[in-house]
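K.L.:
Oh and the sequence shown: position 88 is 154 in my numbering, straight run, nothing missing.
Glycine included, each C-beta is placed from N, C-alpha and C at the ideal position.
Bear in mind that the values here come from a model prediction, so they are computed numbers and not experimental data.
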Amino acid sequence: MHISRVDLNLFIVFEAIYSEGSLTRASLKMNLTQPAISHALGRLRQLFDDPLFERQGHVMVPTPLARSMIEPVRQSLRGFELTLNGAERFDPASSTRSFTLALRDVLEATMLPPLMAGIAAQAAGVGLNALQVGRRELESELAGGTLDAAIDVLLPLSPEIRHTQLVMDQTVVLARHGHPAVRGALDLDGYLRQEHILASSRRRGPGLEDVELSRLGLQRRVKLRCQHYYAACRVVSQTDLLLTMPERLARVVNQQFDNQMLPFPLPMPGLDVHLYWHANVDTDPANAWLRQRVIEAVGALPG
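#1: Quick check: the segment 203 to 217 against the segment 337 to 346, are there 3 or more CB pairs under 8 Å?
#2: Would you kindly work out how many angstroms separate the C-alpha atoms of N320 and L367, rounded to a whole number?
#3: Grab me the residues of A189's own chain with a C-beta within less than 7 Å of its C-beta, minus the 5 sequence neighbours each way, in chain order.
#4: Taking DSSP's pairing of strands, which residues face I263 in a bridge?
#5: Just to confirm, does A102 get its C-beta within under 7 Å of one of the non-hydrogen atoms of the ligand MG?
#6: According to the Cβ coordinates, are E257 and V239 closer than 8 Å?
#7: Is the segment 257 to 275 touching the segment 284 to 302 in the sense that three or more CB pairs, one from each, lie closer than 8 Å?
#8: For the beta strand (DSSP E) that L337 lies in, which residues bound it at each end?
#9: Under 8 Å by Cβ, that's how I've got P117 and T129 pegged, so tell me the actual separation to the nearest angstrom.
#10: Looking only at its chain, what residues have a beta carbon closer than 8 Å to the beta carbon of H243, apart from the 5 residues adjacent to it on each side?
#11: Alpha carbon to alpha carbon, how far is H229 from P246?
#12: For the beta strand (DSSP E) containing S164, list its first residue and its last residue.
#13: Where does P130 fall in DSSP's three states?
#14: How far does the beta strand (DSSP E) with Q358 in it reach, from first residue to last?
#15: Could I get the ranges of all uninterrupted alpha helix (DSSP H) runs contained in the segment 185 to 211, with 4 residues as the minimum, in chain order?
#16: Helix, strand or coil: how does DSSP classify E226 here?
#17: Just curious, the beta strand (DSSP E) that R121 is in, first and last residue?
#18: Between L169 and A216, which are expected to be in contact by the criterion C-beta below 8 Å, what is the C-beta distance as a whole number of angstroms?
As structure tokens, then:
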């Protein structure tokens, strides 16, 4: 079928239903009535001879065909958007655009303050949505334009995803002042004799420090596993537990607790942090401006 015979607005509706999982939310997103969304879905079903979405409770679940279509559709819509916007010069001073940046929650405390200060200095009307995206969805969301950029560790992504290293962080160990076994220094034997906190958003699995220890046939005792470094720092300040974490984040989160900060007593690879964006926005002035603000914000980080 030739493209001239297809209403391309139908694919915008398709993407909205897929993203929202609901006809009602899709209608709100597109500022259309629900009957209009239902009518568009009916035309799509007829066009592809497939239901595309099937209701399961309150959720519209995509069929296998819809799942196979979503990435090409998102990339095509993104291409149209960039073509239209490419004719316009991006002026930060007058722009009211809101960018979407994916980053892990452990990076928010260090990255966002200098980034927002840099944005405010040049673009008072520009906003930022910072959120966490699963690593499996990162590439597709960058390709589809639901993400403008992402900050994460080095990931095995396709050549369509551009990236540049932002920072190499080191690992430190925190212990409370007055800890009976830690007085300004900590060797590997002393580290292994203590009990530890592992801060992780995952329910199970080792930390990077545990992986390095296991290479030597060593294991530490994790007494507490919690979700956030702030809570872990507070526990450290009131117990004899040790916490191993990235240095730059420790300098921010540990300020009010003033725990001892010691080198990790084992050679360990630095923690690579990279900035990611899709090839289709490589030359987009707005995206390039955002990437430059991120790079400048990293340069302002402590340590």
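P.N.:
Here's the rundown:
#1: Taking 8 Å as the limit for Cβ pairs, the verdict is that the segment 337 to 346 does touch the segment 203 to 217.
#2: 15 Å
#3: P158, A159, S161
#4: L290, L309
#5: You won't find the ligand MG in this model; it holds no ligand whatsoever.
#6: Inspection of the sequence shows that residue 257 is occupied by Tyr rather than by Glu. It is a contact, given that the beta carbons lie within the stated cut-off.
#7: yes
#8: 337 to 344
#9: 6 Å
#10: Hits under 8 Å: D324, N325, Q326.
#11: 45 Å
#12: 164 to 169
#13: Here P130 carries a helix assignment [DSSP, helix/strand/coil].
#14: No beta strand (DSSP E) contains Q358, which is instead part of the alpha helix (DSSP H) from 351 to 365.
#15: 201 to 210
#16: coil
#17: Counting along the chain, the beta strand (DSSP E) containing R121 begins and ends at 119 to 122.
#18: 7 Å
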